[in-house]
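A.B. asks: Mapping to the numbering used here: the sequence shown position 175 is 330, numbers consecutive.
Where a beta carbon is used, it is the ideal one built from N, C-alpha and C, also for glycine.
Just dropping this structure here.
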Amino acid sequence: MFGEIFNAQFVASSIRVAIPLALAGLGGVFSERSGVINIGLEGMILSGAFTAVAVTNFSGNPWVGVLGAILVGILLGLIHAVTCITFKANQIVSGVAINLFSSGITVFFSWLLFGETQIMVKSNLPIWGLPLPNIGEGSTFVRNIIVMFAHYSPLVYLTIVIFILGHLIIFKTPFGLRLRSVGEYPQAADTMGVNIVKMRYMG
Numbered sequence: 156m157f158g159e160i161f162n163a164q165f166v167a168s169s170i171r172v173a174i175p176l177a178l179a180g181l182g183g184v185f186s187e188r189s190g191v192i193n194i195g196l197e198g199m200i201l202s203g204a205f206t207a208v209a210v211t212n213f214s215g216n217p218w219v220g221v222l223g224a225i226l227v228g229i230l231l232g233l234i235h236a237v238t239c240i241t242f243k244a245n246q247i248v249s250g251v252a253i254n255l256f257s258s259g260i261t262v263f264f265s266w267l268l269f270g271e272t273q274i275m276v277k278s279n280l281p282i283w284g285l286p287l288p289n290i291g292e293g294s295t296f297v298r299n300i301i302v303m304f305a306h307y308s309p310l311v312y313l314t315i316v317i318f319i320l321g322h323l324i325i326f327k328t329p330f331g332l333r334l335r336s337v338g339e340y341p342q343a344a345d346t347m348g349v350n351i352v353k354m355r356y357m358g
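Right, dumping it as structure tokens:
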């Protein structure tokens with residue numbers, strides 16, 4: 156029974172669905188490391204997803220839709236930063252407000268633009284057919300895993316690269332050191348001349 160549930164198709168679907176959550180989580184890591192709590196990630200995902208669908212629908216180019224989603228995420232992140240860093244608002248309240256705003260505004264514009272409150276779309280991003288190694292008569296599960304990883308959209312592979320870069324930036328660069336110092340011990344960072352407000356905006 157375990158083999159029937161935990162098969163290559165299940166793993167492939169899990170990875171594909173996890174990509175948006177993983178990217179949002181990585182953004183949350185940078186925010187948390189700088190000392191700013193961001194629980195508005197759900198709202199940012201929702202607004203970004205709707206923007207991607209709307210922009211792709213009107214432009215016909217899914218990559219333009221991805222760019223639109225990125226810009227909306229940046230805008231909402233900037234609103235959260237201004238609210239919490241500049242105006243010293245409660246970070247939890249600001250995050251909840253972003254979630255509530257996004258859940259309402261996306262339903263409104265969905266009805267306005269498409270005449271319905273729920274949108275089901277099929278991604279037309281290209282699928283990369285990577286060359287497969289010859290594994291002969293090896294394990295069927297291993298073969299399925301190899302085939303699975305060879306037929307993802309570019310966003311899956313890009314996410315892996317982004318995660319590696321994110322780790323290197325946080326733990327292996329001077330910027331990452333300043334970012335972590337601002338979040339863990341802002342008084343010491345300020346004494347060393349680190350601009351706390353600037354670093355938190357960048358985080």
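Quick check on the DSSP output: the alpha helix (DSSP H) that includes Ala343 runs from which residue to which?
C.D. replies: Pro341 to Thr346
A.B. asks: Decide yes or no for the touch test of the segment 248-267 against the segment 196-206: beta carbon pairs closer than 8 Å, at least 3 of them.
C.D. replies: yes
A.B. asks: Is it buried or exposed, Tyr312, if we count other Cβ atoms within 10 angstroms and call 16 or more buried?
C.D. replies: Exposed, because fewer than 16 other Cβ atoms sit within 10 Å of the Cβ of Tyr312.
A.B. asks: Select from Ile229, Val191, Pro217 and Gly215 the residue whose C-alpha is nearest the C-alpha of Ala244.
C.D. replies: Taking only the C-alpha atoms, the option nearest Ala244 is Val191.
A.B. asks: Pick helix, strand or coil for Glu187, following the three-state DSSP scheme.
C.D. replies: helix
A.B. asks: Considering only the beta carbon of each residue, do Met354 and Ser189 sit closer than 8 Å?
C.D. replies: Note that the C-beta distance between Met354 and Ser189 is below 8 Å.
A.B. asks: Within its chain, find whatever has a CB closer than 8 Å to the CB of Gly180; leave out the 5 residues flanking it on each side and keep chain order.
C.D. replies: Leu196
A.B. asks: Using the C-alpha atoms, what's the distance from Ala173 back to Ile315?
C.D. replies: 12 Å
A.B. asks: Between the alpha carbons of His322 and Val251, how many angstroms are there, rounded?
C.D. replies: 28 Å
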